[in-house]
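For reference, the structure discussed in these notes is given below.
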Amino acid sequence: MKVFISADMEGVTGVVHRDQLVPDGKTYERARKLMTADVNAVITGALRVEPSAEFIVCDGHGVMRNLIIEELHEAAQLVIGPASPSNKPLCQSQGCDETCQVAFFTGYHSRAGTPNGLLCHTWVGSAITNIRINGEIVGETALNAAVVGHWNIPVALVSGAHELEPEARASIPEGFVFVGTKQTYGFSAALCLPPAKTRKLLEEGATEAMKRFKAGKVKPHKPTLPVTISVEFHRREMAAKAAEISGIERTDERTIAAKAANTVEAAERAWKAVCRAQEEEPGWLK
344 MKVFISADME GVTGVVHRDQ LVPDGKTYER ARKLMTADVN AVITGALRVE
394 PSAEFIVCDG HGVMRNLIIE ELHEAAQLVI GPASPSNKPL CQSQGCDETC
444 QVAFFTGYHS RAGTPNGLLC HTWVGSAITN IRINGEIVGE TALNAAVVGH
494 WNIPVALVSG AHELEPEARA SIPEGFVFVG TKQTYGFSAA LCLPPAKTRK
544 LLEEGATEAM KRFKAGKVKP HKPTLPVTIS VEFHRREMAA KAAEISGIER
594 TDERTIAAKA ANTVEAAERA WKAVCRAQEE EPGWLK
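Below, the structure is given as C-alpha cells:
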C-alpha cells in the first residue's frame, strides 16, 4: 500500500507565527523539526495497521524545502523543491498519482477569510482573496482533496488547529480523522499542545485513519466535471497577469477561471496562473 502525505506547516505542533515559517525567521529551524516530527508520527501510526506501507511525502509549505530528510522516517520518500509550475505543477499534491491508495494532510490551516483563523490563507496569502471550485469557496484542504480525488484517493486524516475541523468537515467527504494540534486564539496565537502529546494523538489518529480506510469508511472528494477553479486576487493587476496563461479566462476585474475536463488539469492551470500573477518571482518559487 502507498500513502500520500501532503505536509504544510501552519497547522504543525507549536507553530503560530510567521517567524517560524520562513528561512530567515529566528525560530524557523525549530519549526522544521516540529514539522518533521508530526509527519513521522502519522507514518508511525499508519504502520501499526499496514506494516509494509510506503509513504510519498510532499513538502507543501513556502519554499518547500522545510522537512528534514535526515530525520524523516525510513518508510518515506520526500518530494522537495520549489513549487514553480515547471517543477511541481500540482504544488502541495505533487507526487500523488494512481499508485497511491489513501492520503493524509498534516499541518494544514484554515482558508483565507476565516475569522481569527491561525495563519489562515489559501495558497498564497499575499495574492489571493478566495479560491472557488465550481463556485464554492474552498481552502487548501478541499482543493488538494479534489486533486487527489481525481485518482479516487480519499483523505483519511487531516491535522491542524481547531478551527480547521469544521471547514474540513463541511467541504470534503466525512469519515476522515481530524487531529487538533492547538486551540486558536487569533491570527498569530494559540493554546498549543506539547510535542509529546501531539505525537501520541497523531499516531493514534493515523492508526484509526488507516482502519477506517481499510473498512471502506472514507470516500474520495470528486467535484462535478468538467470543473472550474476560480482564483480571486487582491488586485486587478494580478488577475491581468494571470490571464496571460493559456487556458485561463478572466471573469471579472480581480478573478480568473481555469476550466478543464478534470481537477488535475484545472489545478495545474490555476497554479501556473497564480505564479504568473506575482509581479516579481518570489523567493519561495526559486
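For the sequence shown, the numbering used here gives the first residue as 344, with consecutive numbering after it. Positions of the beta carbon are idealized from the N, C-alpha and C atoms, including for glycine.
With 16 other Cβ atoms within 10 Å as the buried cut-off, status of residue i
| i | result |
| --- | --- |
| G478 | exposed |
| P394 | exposed |
| I588 | buried |
| E417 | exposed |
| G548 | buried |
| K525 | buried |
| P566 | buried |
| R373 | exposed |
| I412 | exposed |
| S469 | exposed |
| K543 | exposed |
| A648 | The first residue shown for the chain is 344 and the last is 629, placing residue 648 beyond what the model contains. |
| L433 | buried |
| L364 | buried |
Beta-carbon gap between residue i and residue j smaller than 8 Å
| i | j | result |
| --- | --- | --- |
| E508 | F521 | yes |
| L461 | V359 | yes |
| T449 | S514 | no |
| F556 | A485 | no |
| G523 | A539 | no |
| F576 | T465 | no |
| I386 | M407 | no |
| M378 | L415 | no |
| V574 | A613 | yes |
| G388 | E546 | yes |
| M344 | A426 | no |
| G357 | H452 | no |
Residue i - partner residues in DSSP beta bridges
| i | result |
| --- | --- |
| N473 | E575 |
| V481 | I474 |
| A582 | For A582, which the question treats as bridged, DSSP gives no partner whatsoever. |
| E397 | K345 |
| L534 | Q526 |
| A446 | F347 and V498 |
Three-state secondary structure assigned by DSSP to residue i
| i | result |
| --- | --- |
| G548 | helix |
| E353 | coil |
| C434 | helix |
| C439 | coil |
| D362 | helix |
| D595 | strand |
| E387 | The displayed chain sequence assigns Thr, not Glu, to residue 387. Three-state DSSP puts T387 in a helix. |
| A380 | helix |
| L410 | coil |
Candidates the options, of which the one nearest residue i by Cα
| i | options | result |
| --- | --- | --- |
| F398 | K376, C439, Q363 and P428 | C439 |
| H564 | A539, N605 and V574 | N605 |
| A610 | A533, R475 and R542 | R475 |
| N383 | V346, G368, L364 and P366 | V346 |
| V561 | V445, H452 and I480 | V445 |
| S436 | H404, E580 and V491 | V491 |
| D595 | K584, R579 and A601 | R579 |
| A419 | F530, P625, G518 and S349 | S349 |
| M581 | N487, K369 and A616 | A616 |
| K376 | D351, V392, R391 and L390 | D351 |
| E624 | G529, K584 and T598 | K584 |
| W494 | E483, G590, E441 and V392 | E441 |
| V570 | V392, A600, K554 and R593 | A600 |
Contact test: residue i Cβ vs the ligand FMN heavy atom, cutoff 7 Å
| i | result |
| --- | --- |
| W614 | Ligands are entirely absent from the displayed structure, and the ligand FMN is therefore not among its contents. |
Contact with chain C by residue i, beta-carbon distance below 8 Å
| i | result |
| --- | --- |
| N409 | Absent here is chain C; the protein component of the structure consists of one chain. |
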